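Have a look at the structure below before the remarks.
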Amino acid sequence: MSITARLLRYFAFFWILFLCAGTIYQYINFKHDTYFIHLKQTAVATGWYLPAFYCHIFGSSIILLAGFFQFSKTVYNNRPLHKALGKLYVFGVLFFAAPGAYVMTLFINRGGFVFASFFIQNTLWVIFTLSAFLLVKNGKIDAHVKMMHRSYALAFGAVMLRFYIWLFMRLGIGVDFENNYIIISFLSWVPNLILVELINRYNKCPYRTLQN
Numbered sequence: 003m004s005i006t007a008r009l010l011r012y013f014a015f016f017w018i019l020f021l022c023a024g025t026i027y028q029y030i031n032f033k034h035d036t037y038f039i040h041l042k043q044t045a046v047a048t049g050w051y052l053p054a055f056y057c058h059i060f061g062s063s064i065i066l067l068a069g070f071f072q073f074s075k076t077v078y079n080n081r082p083l084h085k086a087l088g089k090l091y092v093f094g095v096l097f098f099a100a101p102g103a104y105v106m107t108l109f110i111n112r113g114g115f116v117f118a119s120f121f122i123q124n125t126l127w128v129i130f131t132l133s134a135f136l137l138v139k140n141g142k143i144d145a146h147v148k149m150m151h152r153s154y155a156l157a158f159g160a161v162m163l164r165f166y167i168w169l170f171m172r173l174g175i176g177v178d179f180e181n182n183y184i185i186i187s188f189l190s191w192v193p194n195l196i197l198v199e200l201i202n203r204y205n206k207c208p209y210r211t212l213q214n
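In terms of this note's numbering, the sequence shown opens at residue 3 and continues consecutively.
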């Protein structure tokens, strides 16, 4: 692994760990007195938002960590562990994180473009994850790995969203100015997919030996 790839991996793991630990610490007691929940009181009042919210944030925290280690050769070569983490990832996306995200998307109050960004991201996430699962069941390992790259790129969008919000705030740009949140919403996942497509195209897949 090159120095650049190693640094990017460390960067990704730091932000994943930071996001997941912060999320679990802040919401594990299921209290509704956080700043974000206060902003969503109208949505909370419907009775739909909070269950979806908790499914999404806790499901996403688990699958971000599970998915990250799936790309380790050590984990990949441990077939029982790789399959267990893979099932955890797919189950978490399809039955918790993505359905929760769909419900939360219905209560976005930042305009049509932001709604479209999150809706498209979530829909692609479901498609790529389900496709990856079906591909590995059919023994198409190279295609499975590439599809999982795409799926995890969209999962990692949750990390990049928080990173760009933090960055915009630190730079004094803010997120409430006109069009800023639109930029952040697309910036959190579109570049991820572009990078993954480059990786899928120019990197030979080293995972050819694992059979279902």
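Don't be surprised by glycine CBs; every beta carbon is placed ideally from N, CA and C. Just so we're clear, the structure is a prediction, and the values are computed from it rather than from any experiment.
Problem set entry | Q43 classed as buried or exposed, judged by whether at least 16 other C-beta atoms fall within 10 angstroms | The residue labelled residue 43 in the question sits at position 41 within the sequence shown. Q43 is exposed by the Cβ-count criterion.
Problem set entry | For S187, the three-state DSSP class (helix, strand or coil) | On the sequence shown, position 185 is the one that residue 187 refers to. Three-state result, S187: helix.
Exercise. Straight-line CA distance for Q213 to S187?
Worked result: Taking the first residue of the sequence shown as position 1, residue 213 is located at position 211. Taking the first residue of the sequence shown as position 1, residue 187 is located at position 185. Reliability fails at Q213, whose pLDDT of 42 lies under 50, so the model's placement of it is uncertain and the value that follows must be treated cautiously. One C-alpha to the other measures close to 37 Å.
Exercise. A86: buried (16+ other C-beta within 10 angstroms of its C-beta) or exposed?
Worked result: Here the question's residue 86 lines up with position 84 in the sequence shown. The residue in question, A86, is exposed, as its Cβ has fewer than 16 Cβ neighbours within 10 Å.
Problem set entry | Simplified DSSP state of V177, which is helix, strand or coil | Along the sequence shown, read from residue 1 onward, the residue named residue 177 stands at position 175. Coil, per DSSP.
Exercise. Helix, strand or coil: how does DSSP classify F73 here?
Worked result: One-based indexing of the sequence shown puts residue 73 at position 71. Of the three classes helix, strand and coil, the one that applies to F73 here is coil, per DSSP.
Exercise. How do the region 117 to 135 and the region 53 to 63 stand: do at least 3 beta-carbon pairs fall below 8 Å, yes or no?
Worked result: no
Problem set entry | Close beta carbons around H151, own chain, < 7 Å, minus the five adjacent residues each side | As a working mapping, residue 151 is identified with position 149 in the sequence shown. These residues qualify, in order along the chain: V198, I201 and N202.
Exercise. How would you call I196, buried or exposed, if buried means at least 16 neighbouring beta carbons within 10 angstroms?
Worked result: Counting from one through the sequence shown, the residue named residue 196 turns up at place 194. Burial call: exposed.
For this session: Compute the Euclidean distance between the alpha carbons of M149 and I167, then round it to the nearest angstrom.
Result: Position 147 of the sequence shown, counted from the first residue, corresponds to residue 149. Position 165 of the sequence shown, counted from the first residue, corresponds to residue 167. Approximately 28 Å, taken between the alpha carbons.
Problem set entry | Local Cβ density within 10 Å of N140, reported as buried at 16 or more and exposed below that | Stepping through the sequence shown from its first residue, residue 140 is reached at position 138. Exposed is the call here.
Exercise. Span of the alpha helix (DSSP H) holding D144?
Worked result: In the sequence shown, counting from the first residue as 1, residue 144 sits at position 142. That run of the alpha helix (DSSP H) goes I143 to A157.
Exercise. Any idea what DSSP makes of W50, helix, strand or coil?
Worked result: As a working note, residue 50 is residue 48 in the sequence shown. The answer is coil: DSSP assigns W50 none of H, G, I, E or B.
Exercise. Ordered along the chain, which non-local residues of its own chain (more than five positions away) have a Cβ less than 7 Å from that of T131?
Worked result: Here residue 131 refers to the residue found at position 129 of the sequence shown. V92, V95, L96 and S153, listed in sequence order.
Exercise. Where do the N-terminal and C-terminal ends of the alpha helix (DSSP H) with G32 fall, by residue?
Worked result: To locate residue 32, count along the sequence shown from 1; it is residue 30. Looking at the sequence provided, one finds Phe at residue 32 rather than Gly. Where F32 is concerned, there is no enclosing alpha helix (DSSP H), given that its DSSP letter is neither H nor E.
Exercise. Do you know how far the Cα of D144 is from the Cα of N205?
Worked result: Along the sequence shown, one-based indexing puts residue 205 at 203. Along the sequence shown, one-based indexing puts residue 144 at 142. So the two alpha carbons sit approximately 11 Å from each other.
Exercise. Helix, strand or coil for R112 per DSSP?
Worked result: The residue labelled residue 112 in the question sits at position 110 within the sequence shown. In the structure shown, R112 sits in coil (DSSP, three-state: anything other than H, G, I, E or B).
For this session: Just the C-alpha distance for S175 and P101, rounded to the nearest angstrom, thanks.
Result: Translated into the one-based positions of the sequence shown, residue 175 becomes position 173. Translated into the one-based positions of the sequence shown, residue 101 becomes position 99. Reading off the sequence shown, one finds Ile at residue 175, where the question assumed Ser. About 32 Å.
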